[in-house]
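A.B. asks:
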Amino acid sequence: MTAATFPEEIELTKAYEPVAMEPAKASSEVAVAVAAAGQEDFEIPTEHDLETLRRVSGKIPWAAYTIAFVELCERFSYYGTTAVFVNFLQQPLPEGSNTGAGHSGQSGALGMGQRASTGLTTFNQFWAYVMPLLGAYMADQYWGRFKTIQVACAVALVGHLVLILSAIPPIIIHPNASIACFTIGLIIMGVGVGGTETVMRVKRTPTGQRVIMDPAVTVSRVFLYFYMMINVGSLTGSIGMVYAEKYVGFWLSYTLPTLINLSDRYHGLQTEICLDTTHRIHTREGYKVVASCNEGQVVVESSTIVSHANVKAEDFWENVMPSRLGASKPVWMTFDDVWVQEVRRGLIACRVFLWYPLYWLAYGQMTNNLTSQAATMKLGGVPNDIVSNFNPLFIVILIPLMDHVIYPAFRKAGINFSPIKRITCGFFLASMAMISACVVQSYIYKKTPCGDNNASNCTIPFGDPDGEKWTSDISVWVQILPYGLIGFSEILASVTSLEYAFTKAPVNMRSTITAVALFMNAISSALAQALTALAEDPLLVWNYGVVAVVAFIGGILFFFDNKEIDAQDDELNMLPESHFKTNGADPELGEKAI
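In our numbering, the protein residues as written are 913 to 1506.
1) For LEU1022, name the three-state secondary structure that DSSP assigns.
2) Let me know if ALA1133 comes out buried or exposed under the rule of 16 or more other beta-carbons within 10 Å of its beta-carbon.
3) Tell me whether PRO1394 sits in a helix, a strand or coil according to DSSP, three-state version.
4) Please confirm if the segment 1421–1428 is in contact with the segment 1148–1160, defined as three or more CB-CB distances below 8 Å between the two stretches.
5) What residues in its chain sit with their C-beta under 7 Å from that of VAL1154, if we drop five residues either side in the sequence?
6) Can you name the residues that DSSP bridges to THR1371?
7) Note the first and the last residue of the continuous alpha helix (DSSP H) segment covering TYR1007.
8) State yes or no: is the C-beta of LEU1305 within less than 8 Å of the C-beta of PHE1400?
9) DSSP beta-bridge partners for LYS1290?
10) In the DSSP assignment, find the alpha helix (DSSP H) that holds VAL1255 and state where it starts and stops.
11) In three-state DSSP terms, what is LYS1358?
12) In the DSSP assignment, find the alpha helix (DSSP H) that holds SER1423 and state where it starts and stops.
13) Using beta-carbon positions only, say whether SER1284 and VAL998 come within less than 8 Å of one another.
14) Given 8 Å as the limit, is there contact between the segment 1409–1423 and the segment 1014–1021, that is, 3 or more CB pairs closer than that?
15) Alpha carbon to alpha carbon, how far is VAL1129 from PHE1247? Give it in angstroms, no decimals.
16) Can you name, in chain order, every residue of its own chain whose Cβ lies under 6 Å from the Cβ of LYS1359, other than the five neighbours on each side?
17) Nearest CA to the CA of GLY1145: which residue from GLU986, ILE1332, TYR1319?
18) Compare the beta carbon distance of ARG1334 and THR1415 with 8 Å and say whether it is the shorter of the two.
19) On the three-state DSSP scale, how would you describe TRP1244?
20) Could you name the residues of the same chain whose beta carbon sits closer than 7 Å to that of ILE1080, not counting the 5 residues immediately before and after it, in chain order?
21) According to the Cβ coordinates, are PRO1169 and PHE988 closer than 8 Å?
22) With 16 as the cutoff for other CB atoms within 10 Å, does PRO1242 come out buried or exposed?
23) Would you say LEU1001 touches the ligand ATP, meaning its beta carbon is less than 7 Å from a heavy atom?
24) Under the three-state reduction of DSSP, which class applies to HIS1086: helix, strand or coil?
25) Residues in its own chain within less than 7 Å of VAL1462 by CB, not counting five upstream and five downstream?
26) May I ask you to verify whether the segment 1428–1448 touches the segment 1030–1049, counting CB pairs closer than 8 Å and requiring at least 3?
27) How many angstroms separate the CA atom of MET1245 from the CA atom of GLU1230?
28) Please state whether DSSP places LEU1486 in a helix, a strand or coil.
29) Counting along the chain, where does the alpha helix (DSSP H) carrying ASP1478 start and finish?
30) Find out if the Cβ-Cβ distance for the pair HIS1072, ASN1173 is shorter than 8 Å.
31) For ALA1440, which residues in the same chain have their Cβ closer than 7 Å to its Cβ, ignoring the five residues on either side in sequence?
32) When we look at the beta-carbon of ASN1088 and count the other beta-carbons within 10 Å, is it buried (16 or more) or exposed?
33) Using the rule of at least 16 other Cβ atoms within 10 Å of the residue's Cβ for burial, across every protein chain shown, is PRO1082 buried or exposed?
34) Quick one: Cα of TYR1456 to Cα of LEU1075, how far?
35) Put ILE1327 into one of helix, strand or coil per three-state DSSP.
36) Report, in whole angstroms, the separation of the C-beta atoms of PHE1135 and GLU1476, which I expect to be a contact under 8 Å.
Laid out in structure tokens, this is it:
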């Protein structure tokens, strides 16, 4: 379709090139383009324009879709593997089985119980989100992204192979050997998982309407569809592996994702080569900026202390402006004034991320306790871990709706549904999801024939491990509500965190800032370990209730803590791009330069 067919179709022209603009004017001046007779002229929008004109997106480059497809396959591999972890750990090996397949009954392997299962799956989340910090550091500081991805691919493959080993028939019948292999594979795979600009302008549509082409809107769309592809991979991988677990065995549930992983890694590396992402960039200069800003602020025994008061000082960032230092600036200070402002903006993003552990606590329930909850409900012949796929299904359905209907309607109505507001709504939706899970759990306790203390292990005769397993008569499909609400919350909170990291970080620190955003999930998993004591009958109502309250209060505190940042969002996005680029560490400077 041509641009003339759809008035909102925007021609993207050099959106990633820096615009010549004095830093002092960056807060009030934005590069703008007006399409006229095939020529593009630049116009400065007024403050009134920024407040009243509709914001539209640029075109999404095809390279973004290529990368998204590679990520789809990678997530198929990862979520296809982890989807069966809860049953593998919690449920016992079915009688007479040496594969764990449950067929008409419950699939299982190690029989370690819900508390142990929750603890290990929570550790897996922690480990998988700590490792991106290491991956980002190695990519930005030493190896470059291409070599980092190569190493990560090899490590992840080894982890997948060890997981397969833990589930093969000769091993799975020996719980101690199986859990040892499983834990080693989990750790190795987590290491491998850890290693995998723009300006606003105003244009006139073919109908003559003036609109703001907002790169923030474009980036938001890119990450929406990137996240959708992730969840397509999660959906297909999880459904396939859950049924492989139920009718063949856990070894197949681990083998198929490994094969997809092999294929994806090859094509992913080819994509990286084609996109020429082998350059190396550094975060060290970012640390130097903060350290230098802090010089002279607070000194105790000749040691510089960075404090909240320092950062809030009016001249904190001016201390390291090259234009202010003139000829006295250190030899390593090769960046410009604009890059200092970009580092400041990146640290603001990190401040926003600090509240995310309270959100991820609610999300984490989906990966362990909600799966266990499903096993205590009326399944109607479906595996208990199949219902969790309503989460990615809701995301895949809602993302196009949000992109084509909801967000454009807000923009057309003049409602600025900014990142901070979206994230806040994400917190509240996560809280609602936990409230619904809490209500479901309370009804399970009321309906189970074994009472509150044995709802997860209800057998008839009561207490007989060889007896018939009984569940409550509540349909497992009521879990659609918490899974759907969590999915909706992810679109608002999780997608926005990736978008925020990308738009607020300096170009040559994006890997690190994104890793910081992901690291909040690891902190949440560490906090969740304290809640594992509640992951057992009869305390599960308290478990969901506590998480619901934490997410709700977290959303309120998050919004009021970041109201000032929310008001500055356009100003932060309108910074001109710095010309500072690094391509490797200077061996002559070494660590003393810091």
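Idealized CB from N, CA, C, for every residue including glycine.
None of these values were measured; they are calculated from a predicted model.
C.D. replies: Inspection of the coordinates gives the following:
1) In this structure, LEU1022 counts as strand in the three-state DSSP scheme.
2) Reading the sequence as shown, one finds Arg at residue 1133 and not Ala. Buried, since its Cβ has 16 or more Cβ neighbours within 10 Å.
3) helix
4) no
5) Correct list, in chain order: ALA995, VAL996, PRO1295, ASP1297, ILE1298.
6) LYS1381
7) Just to set this straight, residue 1007 is Glu in the shown sequence, not Tyr. Where GLU1007 is concerned, there is no enclosing alpha helix (DSSP H), given that its DSSP letter is neither H nor E.
8) no
9) Partner(s): SER1387.
10) 1249–1265
11) helix
12) 1422–1441
13) yes
14) Contact between the segment 1409–1423 and the segment 1014–1021 is absent, because fewer than three Cβ pairs lie under 8 Å.
15) Cα-Cα distance, rounded: 28 Å.
16) SER1384, ASP1385, ILE1386
17) Ranked by Cα distance from GLY1145, the first of GLU986, ILE1332, TYR1319 is GLU986.
18) No, they are not a contact pair.
19) coil
20) TRP1163
21) Yes, they are a contact pair.
22) exposed
23) Here there are no bound small molecules, and the ligand ATP is not part of this structure.
24) coil
25) LEU1270, LEU1273
26) Yes, the segment 1428–1448 is in contact with the segment 1030–1049.
27) 14 Å
28) According to the sequence shown, residue 1486 is Met rather than Leu. MET1486 falls in the coil class under three-state DSSP.
29) 1475–1479
30) yes
31) THR1034, LEU1273, GLY1276
32) exposed
33) exposed
34) Looking at the backbone, the Cα of TYR1456 and that of LEU1075 are separated by about 30 Å.
35) coil
36) Going by Cβ atoms, the distance from PHE1135 to GLU1476 rounds to 24 Å, so no, they are not a contact pair.
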